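Down below is the structure, laid out as C-alpha cells.
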Amino acid sequence: MFTNFKCALPLAIGIANQIIQSDISIENIQVALFLDSSRTISSEHQRNAVFSMFVSLAIALEYLHIPSNLFIFCDTGFQFFVKSSKYTLRKEHIQVALDAFSVFRKLSNFGDALSKIKNFNVSTAFVITDGLLYNLHDTKGYKGLLKDQEIKVNFLIMSLLQQDDLIQMQSYIGCPKVCLAQT
Numbered sequence: 039m040f041t042n043f044k045c046a047l048p049l050a051i052g053i054a055n056q057i058i059q060s061d062i063s064i065e066n067i068q069v070a071l072f073l074d075s076s077r078t079i080s081s082e083h084q085r086n087a088v089f090s091m092f093v094s095l096a097i098a099l100e101y102l103h104i105p106s107n108l109f110i111f112c113d114t115g116f117q118f119f120v121k122s123s124k125y126t127l128r129k130e131h132i133q134v135a136l137d138a139f140s141v142f143r144k145l146s147n148f149g150d151a152l153s154k155i156k157n158f159n160v161s162t163a164f165v166i167t168d169g170l171l172y173n174l175h176d177t178k179g180y181k182g183l184l185k186d187q188e189i190k191v192n193f194l195i196m197s198l199l200q201q202d203d204l205i206q207m208q209s210y211i212g213c214p215k216v217c218l219a220q221t
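According to this note's numbering, the sequence shown is numbered sequentially starting from 39.
Written out as C-alpha cells, the structure is:
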C-alpha cells in the first residue's frame, strides 16, 4: 500500500487552497487525471515525485468535490482505468494506481490514452508525465480524438532534464518557459 501520504497530503491541501482562493470556477466540471507510467520515468526519486503529484491532485479534486476519473497510461497496449467519477476516492484506488504505475512499459502514447475519455463528460484533463511521449507536440491532433473540442488538456511535466534539455523540449512542443518546471 502507498504509505507516503505525508508527502501527498500537504501538496493536496496546497492545491485545494490555491483553487479555492483563485477565480477558477469549479462548478459543473469533471476532470480526467492521467499518469504516465513509462520506463523513461526510471529513477526512484522521479517515480516517487510523479506518483505523489498524481495522488495529491486526486485528493485535492476529491476534497473540492470535483468528479474525477483516474487513468494510468503508457504505450498502446497499456491504458488502465483506475477510478470512475461516480465513486469516492478510496485507498484501494490509490493502491490500484500504484500497482499499474509499478509496471514498466515502453515510451508513452498519450493519444491512445486520450481517446479513452471520448465517452466521458469531461471538461478538463490533467496529464502528469516526464514529457517524453511519442506525440507530446501533437496538440492539434488531440482535438480530433475528443468528442468535445472544448476539453482543456493540461500537461504537468515533471522532469529531471538538465537546463539545456529543458530548453530543447520547450522549443519542440512550443511551450512558454513557465510551462515546464524542474523537479
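For each residue, glycine too, the CB sits at the ideal point set by N, CA and C. None of these values were measured; they are calculated from a predicted model.
One Cα belongs to Asn-147, the other to Asp-61, and the distance between them is close to 33 Å. One Cα belongs to Phe-92, the other to Leu-194, and the distance between them is close to 10 Å. When rounded, the separation of the alpha-carbon atoms in Ala-54 and Ser-106 is 14 Å. The three-state secondary structure of Val-93, taken from DSSP, is helix. In the DSSP assignment, Asp-137 falls within the alpha helix (DSSP H) that extends over 129 to 139.
Assigned with DSSP and collapsed to three states, Val-160 falls in coil, not helix or strand. Taking every protein chain shown into account, the CB of Leu-73 has 16 or more other CB atoms within 10 angstroms, so this residue is buried. Distance between His-131 and Lys-121, taken at the CA atoms: about 6 Å.
Contact between Ala-138 and Ala-70 is ruled out by a C-beta separation of about 15 Å, above the 8 Å threshold.
Here Lys-190 has Ser-161, Thr-162 and Ala-163 as same chain residues with Cβ atoms under 8 Å from its own Cβ, once five neighbours each way along the sequence are excluded. Counting along the chain, the unbroken beta strand (DSSP E) around Leu-108 starts and ends at 106 to 111.
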